[in-house]
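Read left to right, the sequence shown gives residues 3 to 307 (the working numbering). First up is the structure itself, then whatever we jot down about it.
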Amino acid sequence: MNATRRALILALAPFALGLFAALLLQVTSDQLPIIHLRADAGTWLALLGGLLSLLALTGVVVWIVAGRRLDRALTEVRQAQAEAHRRFLRRLEHELKNPLTAIRVGLANLAETPPGKAQDQTLVGLEAQANRLGKLSADLRKLAELETQPLDRAAVDLNELLGEVVALARERPEGEEREITLALPQAPWPLPRVTGDRDLLFLAVYNLLDNALKFTHPGDTIEVRAIEDGRVVTVEVADTGPGIPENERPHVFEELYRGQGARGTAGSGLGLALVRAIVERHGGTVTVRSRKGKGTVFTLHLPLD
3 MNATRRALIL
13 ALAPFALGLF
23 AALLLQVTSD
33 QLPIIHLRAD
43 AGTWLALLGG
53 LLSLLALTGV
63 VVWIVAGRRL
73 DRALTEVRQA
83 QAEAHRRFLR
93 RLEHELKNPL
103 TAIRVGLANL
113 AETPPGKAQD
123 QTLVGLEAQA
133 NRLGKLSADL
143 RKLAELETQP
153 LDRAAVDLNE
163 LLGEVVALAR
173 ERPEGEEREI
183 TLALPQAPWP
193 LPRVTGDRDL
203 LFLAVYNLLD
213 NALKFTHPGD
223 TIEVRAIEDG
233 RVVTVEVADT
243 GPGIPENERP
253 HVFEELYRGQ
263 GARGTAGSGL
273 GLALVRAIVE
283 RHGGTVTVRS
293 RKGKGTVFTL
303 HLPLD
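Okay, structure coming up:
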């Protein structure tokens, strides 16, 4: 007997008991001294049982409808997860196919090319593609570990961390061609410490800066800024680059997603997905605002304990 049938039987039980009591009183009313009182009592018992059954039936109907809605919602969630998984696998296949094809072509050319400058260039290209595959593999491993490994939590000095990230970005060749600034509150008090995994938080901010360096041009400005807002620390990485098209913004944090402007750009396609995973493991959120031709702002919201 399924749960719905059992619920219906239980819902009708009060009405059945009320009818049984009413019939019992009706049968025995001739032998009782107060005939009308007993008959009225039976009627009231039947009515009360019917009312209780009606209320119970209403609850059963609501429960059935809610259950069906929940089943539909769960089905939709499972379908969305399955589609996201298929989309991820298609993107992964694409990301693996390109460097593997380049490596195969390079090896074929290498076999036919005599030693010299042309062969050296082919070897450099092969090394670049191998490094790309290595970066993809490493980032996939980091994403997997974020879902299962505990965080190495400690008090993190964000002033120090952000200063280190900016200094590292300035040392890159692209960083030397752009104006990278750091704006941190000093008075009346500096940023508070946050509790988290310092290495992962460093990686999250660095990935945002790395993204800004890739999609801006020489002479553009990149600004890293942070401020305490109640029980949250807000960290922003802003740039004056070309911006992200509106139709691409909802997808920028998806694994292996590459927008139209990112085709041919170096990287694993997992940088922003790692940012989101890291921030969410710390109980925070990450958002993006962008205007085409004006620039982009990525914002991290990290809660304070």
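Ideal Cβ positions, reconstructed from N, Cα and C, are used throughout, including at glycine.
- Its Cα nearest to that of Val-281, the residue Leu-306 stands out among Lys-296, Leu-306, Pro-187, Leu-258.
- Using a Cβ distance threshold of 8 Å, Asp-199 and Arg-260 do not count as a contacting pair.
- Look at Ala-279 here: in three-state DSSP terms it is helix.
- Val-288 sits buried, since 16 or more C-beta atoms from the chains shown fall within 10 Å of its C-beta.
- The three-state reading of DSSP puts Phe-204 in helix, counting H, G and I together.
- In the structure shown, His-303 falls within a strand segment according to DSSP collapsed to helix, strand and coil.
- The segment 212 to 239 contains, as complete beta strand (DSSP E) runs of 3+ residues, the segments 223 to 231 (chain order).
- The segment 131 to 146 makes no contact with the segment 163 to 174, as fewer than three CB pairs between them are under 8 Å.
- Judged by DSSP in its simplified three-state form, Glu-178 adopts helix.
- Between Val-290 and Arg-251, the gap from beta carbon to beta carbon is short of 8 Å.
- In this structure, DSSP gives Val-254 a state outside helix and strand, which the three-state scheme calls coil.
- Around the Cβ of Val-237, a 10 Å sphere holds 16 or more other Cβ atoms; the residue is buried.
- The shortest C-alpha to C-alpha distance from Gln-151 to any of Val-126, His-284, Ala-228 is the one to His-284.
- Take the alpha-carbon of Thr-218 and the one of Gly-243: they are about 4 Å apart.
- DSSP, read as helix, strand or coil, puts Arg-71 in helix.
- Put simply, of Phe-204, Leu-258, Val-239, Ala-157 the residue whose alpha carbon is nearest the alpha carbon of Val-299 is Val-239.
- Thr-242 sits in coil when the DSSP states are folded into three classes, being neither helix nor strand.
- Counting only unbroken stretches of 4 or more residues, the alpha helix (DSSP H) elements lying wholly within the segment 150 to 200 are 160 to 173, 175 to 178, in sequence order.
- Between Ala-206 and Leu-302, the C-beta spacing is below 8 Å.
- Approximately 4 Å separates the beta-carbon atoms of Gly-271 and Leu-258; this is inside 8 Å, confirming the contact.
- Counted as a single uninterrupted DSSP element, the beta strand (DSSP E) harbouring Arg-291 occupies residues 287 to 293.
- Rounded to whole angstroms, the Cβ separation of Leu-215 and Arg-174 is 7 Å, and the two are in contact under 8 Å.
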